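Chemist:
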Amino acid sequence: MALIYIIEDDQSIREIESIALKNSNYNVAAFDRADKFFRSMEELLPDLVLLDIMLPDQDGYEIIRKLRKNPLTSKIPVIMVTARTTEIDLIRGLDSGADDYIRKPFSIMELLSRVRALLRRTTENTRLICVGDIRLDQERHTVHAGETQVDLTFKEFEPLRFLMINSKVVLSRETIMQAVWESTYSGETRTVDMHIKSLRRKLGACGNQIGTVRNVGYVIS
Numbered sequence: 037m038a039l040i041y042i043i044e045d046d047q048s049i050r051e052i053e054s055i056a057l058k059n060s061n062y063n064v065a066a067f068d069r070a071d072k073f074f075r076s077m078e079e080l081l082p083d084l085v086l087l088d089i090m091l092p093d094q095d096g097y098e099i100i101r102k103l104r105k106n107p108l109t110s111k112i113p114v115i116m117v118t119a120r121t122t123e124i125d126l127i128r129g130l131d132s133g134a135d136d137y138i139r140k141p142f143s144i145m146e147l148l149s150r151v152r153a154l155l156r157r158t159t160e161n162t163r164l165i166c167v168g169d170i171r172l173d174q175e176r177h178t179v180h181a182g183e184t185q186v187d188l189t190f191k192e193f194e195p196l197r198f199l200m201i202n203s204k205v206v207l208s209r210e211t212i213m214q215a216v217w218e219s220t221y222s223g224e225t226r227t228v229d230m231h232i233k234s235l236r237r238k239l240g241a242c243g244n245q246i247g248t249v250r251n252v253g254y255v256i257s
């Protein structure tokens with residue numbers, strides 16, 4: 037299930053976008069300021085960002101330039117959603133690095149259609165995820181450690197995929213638990229430790245790419 041971040045300072049629009057996306061089975065986190073958005077980006081990267089241009093603390097164009105300059109966030113798809121409708125604004129948004137542009141006011145059907153289309157294109161381009169010597173094929177559900185194919189259970193494959201999608205980002209046990217097992221019960225986080233231990237063993241020498249951050253969680257690099 038794709039995770040979408042919304043950055044929009046207008047509460048009514050933010051709520052409309054959030055409800056529409058949640059009703060379409062997307063995970064959603066919404067922010068009214070850029071600083072809150074960037075703090076959340078340090079914890080978990082989204083699959084797509086809906087970005088307003090006019091924000092109280094930072095210009096939307098500057099936000100997208102920052103995303104594109106950072107290797108960890110440079111390929112995250114971004115749709116700009118704005119009341120600015122001139123051709124110059126459209127060109128500026130696309131030149132800054134936006135993948136698409138929606139003018140306000142917009143219809144819910146248009147919003148959902150644009151989101152689906154961009155996520156579909158992005159998924160097609162990122163079927164194969166590579167981190168170091170580990171290669172994961174999301175469509176074929178296969179994993180290679182170096183030249184060796186590794187047989188993983190579903191609950192081993194999913195946390196590895198989640199770590200690789202968020203490569204170099206430290207993920208807490210609770211975050212992994214929520215993403216893979218859809219549970220927030222902190223007492224179950226030892227399940228994460230057990231599956232990571234199993235993953236490292238099956239990945240052989242490549243298992244060292246999964247690092248432990250004491251009292252926090254795990255990171256792959």
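Under my numbering, the residues of the sequence shown are numbered 37 to 257, in order. Just so it is clear, CB atoms sit at the ideal spot from N, CA and C, and this is done for glycine as well. Bear in mind the structure is a predicted one, so any value in this text is a computation, not a measurement.
When DSSP builds the beta bridges, which residues end up paired with L39?
Modeler: In the DSSP output, where bridge partners are listed per residue, L39 has N63.
Chemist: Between which two residues does the beta strand (DSSP E) holding A70 run?
Modeler: Note, A70: premise wrong, no beta strand (DSSP E); alpha helix (DSSP H) at 70 to 79.
Chemist: By the three-class DSSP mapping on this structure, what secondary structure does T248 have?
Modeler: Of the three classes helix, strand and coil, the one that applies to T248 here is strand, per DSSP.
Chemist: Using alpha carbons as the reference points, say which of R176, T158, H180, N63 lies closest to G168.
Modeler: Comparing Cα-Cα distances from G168 to each of R176, T158, H180, N63, the minimum goes to H180.
Chemist: Please give the ranges of any beta strand (DSSP E) in the segment 157 to 217, keeping only runs that are unbroken, at least 3 residues long and fully inside the region.
Modeler: Entirely contained in the segment 157 to 217, the beta strand (DSSP E) runs reaching 3 residues are, in chain order, 164 to 167, 170 to 173, 178 to 181, 184 to 186.
Chemist: Out of L148, Q185, L207, V216, which has the shortest C-alpha to C-alpha gap to K58?
Modeler: With distances taken between Cα atoms, K58 lies closest to L148.
Chemist: Just reading off the alpha helix (DSSP H) that I232 is part of, what are its end residues?
Modeler: Unbroken alpha helix (DSSP H) run through I232: 226 to 239.
Chemist: Just how far apart, CA to CA, sit R69 and L239?
Modeler: Straight-line Cα distance between these residues: approximately 41 Å.
Chemist: Hey, is the segment 69 to 88 in contact with the segment 111 to 122, meaning 3+ C-beta pairs nearer than 8 Å?
Modeler: Yes, since at least three Cβ pairs between the segment 69 to 88 and the segment 111 to 122 fall closer than 8 Å, the two stretches touch.
Chemist: To the nearest angstrom, report how far apart Y97 and Q214 are at their CA atoms.
Modeler: Each residue's alpha carbon lies about 32 Å from the other.
Chemist: Check for me: the alpha helix (DSSP H) holding R120 runs from which residue to which?
Modeler: Counting along the chain, R120 falls outside any alpha helix (DSSP H), and DSSP gives it neither H nor E.
Chemist: Would you give the residue range spanned by the alpha helix (DSSP H) that L103 belongs to?
Modeler: From DSSP, the alpha helix (DSSP H) with L103 extends over 96 to 105.
Chemist: Which residues in the same chain as L39 place their Cβ atom closer than 6 Å to its Cβ, once the five residues preceding and following it in sequence are excluded?
Modeler: Cβ within range, chain order: N63, P82, D83.
Chemist: What residue from S60, E78, D45 has the CA that sits closest to A66's CA?
Modeler: Ranking S60, E78, D45 by Cα distance to A66 puts D45 first.
Chemist: Can the beta-carbon of S203 be found less than 8 Å from the beta-carbon of S257?
Modeler: Yes, the pair counts as a contact, with Cβ atoms nearer than the cut-off.
Chemist: Helix or strand or just coil, what does DSSP make of D131?
Modeler: Helix.
Chemist: Let me make sure I understand the geometry here. Which of L164, H177, P141, Y137 has the alpha-carbon closest to that of A153?
Modeler: It is Y137 whose Cα lies nearest to the Cα of A153.
Chemist: In terms of alpha-carbon separation, which member of G247, P141, R157, E146 lies closest to S48?
Modeler: S48 has its Cα closest to that of P141, out of G247, P141, R157, E146.
Chemist: To which residues of the same chain is I165 closer than 6 Å at the C-beta, ignoring the five residues directly before and after it?
Modeler: So the qualifying residues of the chain are L172, M200.
Chemist: Count the other CB atoms, across all protein chains shown, that sit within 10 Å of the CB of R50; report buried if there are 16 or more and exposed otherwise.
Modeler: That one is buried.
Chemist: Counting only the same chain and skipping the five closest in sequence on each side, list residues whose C-beta sits under 8 Å from that of L56.
Modeler: A small fix is needed here, since residue 56 is Ala in this sequence, not Leu. Hits under 8 Å: I144, L147, L148.
Chemist: Spatial neighbours of T211 within its chain, please: C-beta separation below 8 Å, excluding the five flanking residues on both sides.
Modeler: Hits under 8 Å: E79, L80, G253.
Chemist: Just to confirm, is the Cβ distance from G133 to I89 under 8 Å?
Modeler: Their beta carbons are not under 8 Å apart, which means G133 does not touch I89 by this criterion.
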